[in-house]
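I have placed the structure first, in the form of structure tokens, so that the comments after it can refer back to it.
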Amino acid sequence: MHGLMQNRPLLVSSLLTHAQRFHARREIVSLLVDGRTHRSSWGEIGARAQRLANAMAALGVVDSTRVGTLAWNTHRHLELYFAVPGMGAVLHTVNPRLHLDQIAYIIDHAGDEVLCFDLSFSDLVQALAPRCPKVKTWVALCDESQTPQIPGVAVRAYESLLDAAAPHFDWPVLDEQQASSLCYTSGTTGNPKGVLYSHRSTVLHCFAACAADGLGMAARDSVLLVVPLFHVNAWGVPFAGAMCGAKLVLPGPNLSGEAIYRLMRDERCNFSLGVPTVWLGLFDHIERHRESLDLSQIRLERVVIGGSAAPRALIEKFDALFGAFAIHAWGMTETGPLGTIGRLLAQHEGLSGAARHDVQCKAGRAIYGVDIEIFGPDGKPLPHDGVAFGELRARGPWVAAGYFGLDASAVDADGWFTTGDVATVDADGYIQITDRAKDVIKSGGEWISSIELENIAVGHPAVQEAAVIGVAHRRWQERPLLLVHLKPGARIDREALLAWFEGKVASWCRPDDVVIVDSLPHTATGKLQKRTLREQYQGYRLPTDPD
Ligand code: AMP
Numbered sequence: 005m006h007g008l009m010q011n012r013p014l015l016v017s018s019l020l021t022h023a024q025r026f027h028a029r030r031e032i033v034s035l036l037v038d039g040r041t042h043r044s045s046w047g048e049i050g051a052r053a054q055r056l057a058n059a060m061a062a063l064g065v066v067d068s069t070r071v072g073t074l075a076w077n078t079h080r081h082l083e084l085y086f087a088v089p090g091m092g093a094v095l096h097t098v099n100p101r102l103h104l105d106q107i108a109y110i111i112d113h114a115g116d117e118v119l120c121f122d123l124s125f126s127d128l129v130q131a132l133a134p135r136c137p138k139v140k141t142w143v144a145l146c147d148e149s150q151t152p153q154i155p156g157v158a159v160r161a162y163e164s165l166l167d168a169a170a171p172h173f174d175w176p177v178l179d180e181q182q183a184s185s186l187c188y189t190s191g192t193t194g195n196p197k198g199v200l201y202s203h204r205s206t207v208l209h210c211f212a213a214c215a216a217d218g219l220g221m222a223a224r225d226s227v228l229l230v231v232p233l234f235h236v237n238a239w240g241v242p243f244a245g246a247m248c249g250a251k252l253v254l255p256g257p258n259l260s261g262e263a264i265y266r267l268m269r270d271e272r273c274n275f276s277l278g279v280p281t282v283w284l285g286l287f288d289h290i291e292r293h294r295e296s297l298d299l300s301q302i303r304l305e306r307v308v309i310g311g312s313a314a315p316r317a318l319i320e321k322f323d324a325l326f327g328a329f330a331i332h333a334w335g336m337t338e339t340g341p342l343g344t345i346g347r348l349l350a351q352h353e354g355l356s357g358a359a360r361h362d363v364q365c366k367a368g369r370a371i372y373g374v375d376i377e378i379f380g381p382d383g384k385p386l387p388h389d390g391v392a393f394g395e396l397r398a399r400g401p402w403v404a405a406g407y408f409g410l411d412a413s414a415v416d417a418d419g420w421f422t423t424g425d426v427a428t429v430d431a432d433g434y435i436q437i438t439d440r441a442k443d444v445i446k447s448g449g450e451w452i453s454s455i456e457l458e459n460i461a462v463g464h465p466a467v468q469e470a471a472v473i474g475v476a477h478r479r480w481q482e483r484p485l486l487l488v489h490l491k492p493g494a495r496i497d498r499e500a501l502l503a504w505f506e507g508k509v510a511s512w513c514r515p516d517d518v519v520i521v522d523s524l525p526h527t528a529t530g531k532l533q534k535r536t537l538r539e540q541y542q543g544y545r546l547p548t549d550p551d
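Counting in this note's numbering, the sequence shown runs from 5 upward without gaps.
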């Protein structure tokens, strides 16, 4: 017997329509590429998205056409976020920080027919155009007077397309399983792979972002969206923002500590999200200008740290400087990305200081919608005791089942997607990511977590950033080598850094050597590029290696 409830599909357009009707005046603030601040609202975004859908239809965009973007966080990119999926097409957000060859590959592989770009990417577009023959129309996200002249490329101005379009568009009633957006994984090995989200997965993911034990997003929030719109749907926040009617503050291209601080203060942001690197930049700015900054003007209540392991020092600083609760979250492109979220349980009530930070350092617990489990080498589930670690797998309605354009399934017979991360799960269900499977250091049959060592190193006041890689060792197979980038003006030697690990980790896990470097390489999504470091330090002779 079927239930007798309405079978209304879960569609991206319904999020926008809701925001437009019930949160019309709630602000959307964006810093544009030309440095101006633009103020609009959910009402305006909704109205302009309808015009945009008509404009896209006039360019030949139909059901399932891929529309690419090379763009920062601005109101125009947000309009594309809703208009393109809303009309039944697929929004493909391209990460402009990738290598040119990868960008060209991704645009071609996705089959993008329209490509919308910010003016700062005009040179990139000039290089891409001859390599992307499937793109029929290049749209600059600007008004007519700013349209760039790119030799050999006919560029249309976004605002002129909107001006010429009819104002009203009826969002079609689509199948909720229809594709809505496409993001390629950073692809540390092989070619990048496309994760194709559906309307249904996107809307369900929003419920997790808005749930109290999720990110707890709500209408009263003023959200500083530091996570780029080209990283995994900006962690779903644009969609969740529409669902709850939050104010969104979009920082454009400037993600410096100073710019973030200013926006946070001026727009009275109480919630923000970003990768650790961005927050390290924020605290670096604060430390360097502590005398002239009035931190009481910052209203931050909670902040999400994700994308890489959150160093304890960051969690402590958010607490100490702003009284803000750091929500440590784990996820990946293939999980929407929200997978586990670090909120407290009843038994943590009243915990403060170090005891609470201990809980926050874990990468969160499963949220309803993403089932997780860890498996040993024999394929059997491991105990949830916080000690046993194994391959982390996930399954749920917003976890990938396959990749765009690839026939093979991405899940096993039981529906699990293998994440490539190694983790522990404790008795309360909190996970701790030990490593990416390929980054874990295998020393004499034991595994050493590079993430744990990096977090300890970053806790040292002289250290800006740290990476730990496994280096071949004749006796132990592999041993940890610590690479550190020091804060400006800081000085510390190898012995002092090695001594810092004493008592913080088992002695056999401590790094065997330290190299101080001028900078560390990052992937296009801000993660440490361990593969490059491993290549660079291949053959490095550790002082502990027997002759
Ligand atoms: P991406 O698909 O580019 O978002 O990368 C996802 C990967 O980032 C995951 O598989 C993890 O290896 C890493 N990651 C994300 N969040 C965390 C976290 N909280 N702690 C440790 N690693 C993380």
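Just so you know, even glycine gets a beta-carbon here, dropped at the ideal spot from N, CA and C.
Restricted to the region 250 to 306, the beta strand (DSSP E) segments that are unbroken, complete and at least 3 residues in length are 251 to 254, 275 to 278, listed in chain order.
Taking a C-beta distance under 8 Å as the contact criterion, Gln-436 and Lys-531 do not qualify as a contact pair. Here the alpha carbon of Ala-87 sits roughly 21 Å from the alpha carbon of Leu-123.
The region 499 to 508 and the region 457 to 472 touch, with three or more beta-carbon pairs separated by less than 8 Å. By the neighbour-count criterion, in which a residue is buried when 16 or more other Cβ atoms sit within 10 angstroms of its Cβ, Met-5 is exposed. The beta carbons of Pro-100 and Ser-185 sit about 17 Å from each other, so the pair does not count as a contact at 8 Å. The C-beta distance from Arg-204 to Pro-401 rounds to 7 Å, short enough to meet the 8 Å contact threshold. In the three-state DSSP reduction, Cys-120 falls in the strand class (E or B).
Nearest neighbour of Ala-510 by Cα position, chosen from Val-429, Asn-11, Glu-456, turns out to be Glu-456.
Residue environment analysis places Asp-443 among the buried positions, since at least 16 neighbouring C-beta atoms fall within 10 angstroms of its C-beta. Relative to the ligand AMP, the beta carbon of Asp-362 is positioned no closer than 7 Å to any heavy atom.
Fewer than three Cβ pairs drawn from the region 216 to 230 and the region 118 to 136 lie within less than 8 Å of each other, which leaves the two stretches out of contact. Put simply, of Leu-318, Ile-445, Leu-20 the residue whose alpha carbon is nearest the alpha carbon of Phe-326 is Leu-318. If you look at Ser-454, you'll find it in the alpha helix (DSSP H) that goes 454 to 462. Proximity of the beta carbon of Asp-425 to the ligand AMP is indicated: a heavy atom of the ligand is located closer than 7 Å.
Burial is judged here by how many other beta carbons sit within 10 angstroms of a residue's own beta carbon; Gly-335 has at least 16 and is buried.
Looking at Leu-304, Ala-51, Arg-545, the one whose alpha-carbon comes closest to that of Gln-481 is Arg-545. According to DSSP, residue pairing for Thr-73 in a beta bridge involves Thr-97, Cys-120. Residue state for Ile-309 is assigned as strand, using DSSP reduced to three classes. In the DSSP assignment, Tyr-109 falls within the unbroken alpha helix (DSSP H) covering 104 to 114.
A straight line joining the alpha-carbon of Val-98 with that of Glu-295 spans about 40 Å.
In the DSSP assignment, Gln-481 forms a beta bridge with His-477.
For Gly-448, the number of other beta carbons within 10 angstroms of its own is below 16, and it is reported as exposed. Placement of the Cβ of Met-9 at a distance of 7 Å or more from every heavy atom of the ligand AMP is found.
Between His-289 and Ala-333, the alpha-carbon positions lie close to 24 Å from each other. Taken in chain order, the whole beta strand (DSSP E) runs of length 3 or more contained in the region 404 to 449 are 421 to 429, 435 to 440, 445 to 447. In this structure the region 462 to 475 does not touch the region 421 to 441; the number of beta carbon pairs closer than 8 Å is below three. Here the alpha carbon of Cys-146 sits roughly 45 Å from the alpha carbon of His-464.
For Ile-376, the CB stays at least 7 Å from every heavy atom of the ligand AMP. Assigned with DSSP and collapsed to three states, Asp-362 falls in helix.
The C-alpha of Tyr-434 is placed about 20 Å away from the C-alpha of Ile-452. Judged by the Cβ position, Thr-428 fails to qualify as a neighbour of the ligand AMP at the 7 Å threshold, every heavy atom of the ligand being at least this far. Counting along the chain, the unbroken alpha helix (DSSP H) around Arg-498 starts and ends at 498 to 503.
In the DSSP assignment, Leu-14 falls outside any alpha helix (DSSP H) and carries neither an H nor an E.
When secondary structure is reduced to three states using DSSP, Asp-167 falls in the helix class.
With a threshold of 7 Å, the Cβ atom of Arg-440 counts as near the ligand AMP, since some heavy atom of the ligand is closer than that.
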